[in-house]
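**Student:**
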Amino acid sequence: MTKKHNSENGNPKQDDLKVNMEDGSGQAMTTNQGLKINDDNNSLKAGDRGATLLEDFILREKITHFDHERIPERIVHARGSGAHGVFKVYDDSLKKYTKAKFLTDPSRETPLFTRFSTVAGFRGSADVPRDVRGFAVKFYTEEGNYDLVGNNMPVFFIQDAIKFPDLIHAVKPEPHNEIPQAASAHNTFWDFVSLSPETMHNIMWLMSDRAIPRSLRMMEGFGIHTFRLINEEGKSHFVKFHWKPLLGIHSVVWDEALKINGQDPDFHRRDLHEAIDSGAFPEWELGVQIVPEEDEHKFDFDLLDPTKLIPEEIVPVKLIGKMTLNRNPENFFAETEQVAFHPGHLVPGIDFTNDPLLQGRLFSYTDTQLSRLGGPNFHEIPINRPIAPMHNNQRDGIARMEINKGKTSYHPNSMSDGYPEQTKVSDGGFATYQERIDANKVRARSKSFMDFFSQPALFYNSLSEPEQTHVVDAFCFELGKVNITEIRQRTVGLLTQIDGGLAKKVADGLGLEVKEPEHPINHQFGADANPEDYQPTKVNPELKSSPALSMANTIKGNIATRQIAFLTADGVDGNSVSTMKAALEAQGAMVKIIAPKSEFVKDSEGKNIKVDHSFLTFSSVLVDAIYIPSGDKSIETLKQTPKAIHFIDEAYLHCKAIATAGKGKELIEISYVNNYLKKNPENLEDMGLVLGSDSDKNISEKFITAIGNHRFFEREKQGKIPA
Ligand code: HDE
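Shown next as structure tokens:
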């Protein structure tokens, strides 16, 4: 297919997609053959009471198409949300490391499509289970598509691709009853984990708040594996890829996540869609950690081991460019569902390493599309086709769209003058990096992969106190759902190897004794191998703590796109609403007016204020903070509205900022929160409570600061609120 290089609107991929767009507005309805339809409401019958006639080709065409609307969902990462965007590199400073043009030419804006996903749940599952999130980016570069298929955690559960089916079978719903949906808290997952110490690093991340993001827009992304950058001279450097969100990294709390999944299963999908629709385009900086080849063995872990990260304090992340997601898909199925990523979609300047997990992925991603997208021509689906010209001798197959001209479909040929022709490396042809390999064929795991516990310990040590508490709580929840004591005990045994305090707290929470694991604890060896050779090793890590790993150290203070609920009823003070609304919106926050009934509330002067949601259809878990405007009559009504009081208790439990004006405070006084107010009258603002009067000019300023803090985890020490 011949492609235009020069774009009409500055985005060549958008132009490319337009070729396939269909728009029925203002058009006549037709069959798939273009026949205009006269009656789409009644099938063809023998008499108006039937029977229906087989000859009704219009009925048959419509129903046949409907019958085949579904395709197999992805075996992993089935539930996802996607968006279009662009990437621009800041400067050409990466030239000494890579010849990839999209990473070195600041004048280029590369179109891209990004798909975020959960891993375990089915396509129709909810958005906020405790899970890893996929973070896959397809760059439509002028040299071909480059896919960076990563996750929101920098390490993976297993070290060798051959374990992937086992890992996924263990985490997916159990085979006999297909329970539970989108959850790792069940016997089979923890059975596998407790027997596979290599999983422990990713398990620590999975038990942390990283597994329950506030928004897809507030997650980091990681390529995980060590890749290679190759420069013009053919020299290789190792590289790890990072995505850093400009809004910072933020999460919800676990109790909130459980409730969000019921209140709005599309919480993340909606959030992404609405942010882009409103023009608040999500942005990430692309970062690289570069390691010279000579330094390959300088670390206390193996760079090829995907269960290890390179601490940023040892190799800094250099920020090289920015991705902006600026357009929602036109059609979910055509774009988000049919997009096909593959870590093997490379461009000159980037290459692989021998990471045994990456090597297996390089097979899996094309293979899986064959059953998911129905055959070998999935690269022709509009969302997948490159903007770079594409010509080769591959032919035919199911649903082939291209009409290949010419008499030859082989190379070498003379009948077509040798075309399509090969390209020299110096002219942009791809050549694999010539890594020297001299080895025996063995089915084995490298000894350098056997330190399973130092980096999980580094991660745990790097967390703030509330983050550590959340990890303990998560283990207690997950293992609490496991009903085989040996599995729980074995897992606690593995935790003893990471942190004694952590193991003790989890054991306490589960009602178990702490027991050191029995020897041997590693099962990653074959039947003839000597288990002694595969025992976990312990190194003395270079770092004890890496501040970059804690979300407590993330960017704070930006309240753009944060959702703020205003609790109102008839008689609400109009000024109190409009002043605070204006102040919040000036910072990019989004206000939702909540009231006992939909449509409108009347303010104290009888003016209508549009209601976004009633208490019936909304809940505190869907917002970041709440404000209770003043108004004698409205506060009296809200006091009689149990859901309004629950709103406050729940928001307090989830450590969110709460502000009141004037009489609004009385609503708090009849909530459970009042127990804590009485105990802490001094430091309310440190706890995210802004109790002001309408005349208090600073109230909006203080509230904005509080929202910018994201959460007030100090409250968790006060004890829980029954909400
Ligand atoms: Fe994947 N993975 N994966 N994975 N993965 C898939 O490919 C696989 C791994 C990741 O939004 C599948 O097209 C194997 C690591 C993302 O469409 C499948 C192994 C990382 C997505 C597959 C891994 C990922 C997938 C299912 C171990 C982070 C969603 C559908 C060797 C670096 C992409 C598909 C999207 C999807 C196989 C491990 C990320 C089956 C065999 C490590 C983000 O091919």
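First residue of the sequence shown? That's 1 in full-length UniProt numbering, and the numbers climb one at a time after it. A virtual CB, placed ideally from N, CA and C, is assigned to each residue, including glycine. Keep in mind it's a predicted model, so treat the numbers as computed, not measured.
#1: Is there contact here, the stretch 237-245 with the stretch 596-611, by at least three beta-carbon pairs under 8 Å?
#2: Taking 7 Å as the cut-off, is the beta-carbon of Leu-357 closer than that to any non-hydrogen atom of ligand 2?
#3: Name the DSSP beta bridge partners of Arg-327, please?
#4: Report, in whole angstroms, the separation of the C-beta atoms of Val-86 and Leu-103, which I expect to be a contact under 8 Å.
#5: Quick check: does the Cβ of Thr-104 come within less than 7 Å of any heavy atom belonging to ligand 1?
#6: Suppose the cutoff is 6 Å on Cβ atoms and the five residues either side in sequence are ignored; what does the same chain contact list for Leu-463 look like?
#7: Between the stretch 662-676 and the stretch 262-275, can you find at least three pairs of beta-carbon atoms closer than 8 Å?
#8: Can you check DSSP and say which residues form a bridge with Leu-286?
#9: So Phe-227 is in the beta strand (DSSP E); what residue range does that whole segment cover?
#10: Looking at C-beta atoms only, is the number of pairs between the stretch 574-589 and the stretch 282-294 that lie closer than 8 Å three or more?
#11: Could you check whether the Cβ of Arg-361 sits closer than 7 Å to any heavy atom belonging to ligand 1?
#12: Report yes if the C-beta distance between Tyr-652 and Ile-645 is below 8 Å; otherwise report no.
#13: Counting along the chain, where does the alpha helix (DSSP H) carrying Thr-188 start and finish?
#14: With a 10 Å radius around its C-beta and 16 neighbouring C-beta atoms as the bar for buried, classify Val-425 as buried or exposed.
#15: By Cβ distance, which residues of its chain are closer than 6 Å to Cys-655, with the 5 residues on each side in sequence left out?
#16: Under the rule that 16 or more other beta-carbon atoms within 10 Å means buried, what is Glu-532, buried or exposed?
#17: Do you know how far the Cα of Asn-709 is from the Cα of Gln-159?
#18: Can Gln-524 be considered in contact with ligand 1, in the sense that its beta carbon sits closer than 7 Å to one or more heavy atoms?
#19: Measure the alpha-carbon distance for Met-153 versus Leu-206 and round it to whole angstroms.
#20: Can you say whether Pro-165 is buried or exposed, counting buried as having 16 or more other CB atoms within 10 angstroms of its CB?
#21: Is Val-577 helix, strand or coil when you go by DSSP?
#22: Can Tyr-460 be considered in contact with ligand 1, in the sense that its beta carbon sits closer than 7 Å to one or more heavy atoms?
#23: Measuring CB to CB, does Leu-53 end up less than 8 Å from Ala-46?
#24: For Gly-24 and Pro-382, what's the separation of their Cα atoms in angstroms?
#25: Out of Met-218, Gly-80, Ser-545 and Glu-335, state which residue places its alpha-carbon closest to the alpha-carbon of Arg-562.
#26: Between the alpha carbons of Arg-490 and Lys-163, how many angstroms are there, rounded?
#27: Grab me the residues of Asn-11's own chain with a C-beta within less than 8 Å of its C-beta, minus the 5 sequence neighbours each way, in chain order.
#28: Given that a residue counts as buried once 16 or more other Cβ atoms are within 10 Å of its Cβ, and exposed if not, what is Asp-302?
#29: Just to confirm, is the Cβ distance from Pro-517 to Gly-493 under 8 Å?
#30: Apply the 10 Å Cβ neighbour rule to Gln-468 and answer buried if 16 or more other Cβ atoms are within range, or exposed otherwise.
#31: Which same chain residues end up closer than 6 Å to Lys-581 when comparing Cβ atoms and leaving out the 5 residues on each side of it in sequence?
#32: Does any heavy atom of ligand 1 sit closer than 7 Å to the C-beta of Ile-668?
#33: Who are the near neighbours of Ile-224 in its chain, counting only those whose CB is closer than 7 Å to its CB and skipping five residues on each side?
#34: Taking DSSP's pairing of strands, which residues face Phe-139 in a bridge?
#35: Give the range of the alpha helix (DSSP H) segment to which Ala-644 is assigned.
#36: In terms of residues, what are the limits of the alpha helix (DSSP H) holding Lys-678?
**Tutor:** Short version:
#1: no
#2: Ligand 2 is absent from the structure shown, which contains only ligand 1.
#3: His-84
#4: The C-beta distance from Val-86 to Leu-103 rounds to 14 Å, too long to fall under 8 Å, and the pair is not in contact.
#5: no
#6: Ser-550
#7: no
#8: BP columns for Leu-286 point to Trp-243 and Gly-321.
#9: In the DSSP annotation of this structure, the continuous segment of the beta strand (DSSP E) that includes Phe-227 starts and ends at 227-230.
#10: no
#11: For Arg-361, the shortest separation between its Cβ and any heavy atom of ligand 1 lies below 7 Å.
#12: Not closer than 8 Å, so no.
#13: 187-194
#14: By the neighbour-count rule (16 or more Cβ atoms within 10 Å), Val-425 is not buried but exposed.
#15: Sequence-distant partners of Cys-655 (beyond 5 residues in either direction) whose C-beta falls short of 6 Å from its own C-beta, in its chain, are Arg-711, Phe-712, Phe-713 and Arg-715.
#16: exposed
#17: Going from the Cα of Gln-159 to the Cα of Asn-709 covers about 37 Å.
#18: no
#19: 8 Å
#20: exposed
#21: Here Val-577 sits in helix by DSSP.
#22: No, ligand 1 has no heavy atom inside 7 Å of this Cβ.
#23: yes
#24: 19 Å
#25: The alpha carbon of Arg-562 has as its nearest neighbour, out of Met-218, Gly-80, Ser-545 and Glu-335, the alpha carbon of Met-218.
#26: 20 Å
#27: Val-86, Glu-109 and Pro-111
#28: buried
#29: yes
#30: buried
#31: Val-591
#32: no
#33: Gly-150, Asn-151, Pro-154, Val-155, Phe-156 and Pro-306
#34: Leu-112 and Tyr-146
#35: 642-653
#36: 674-679
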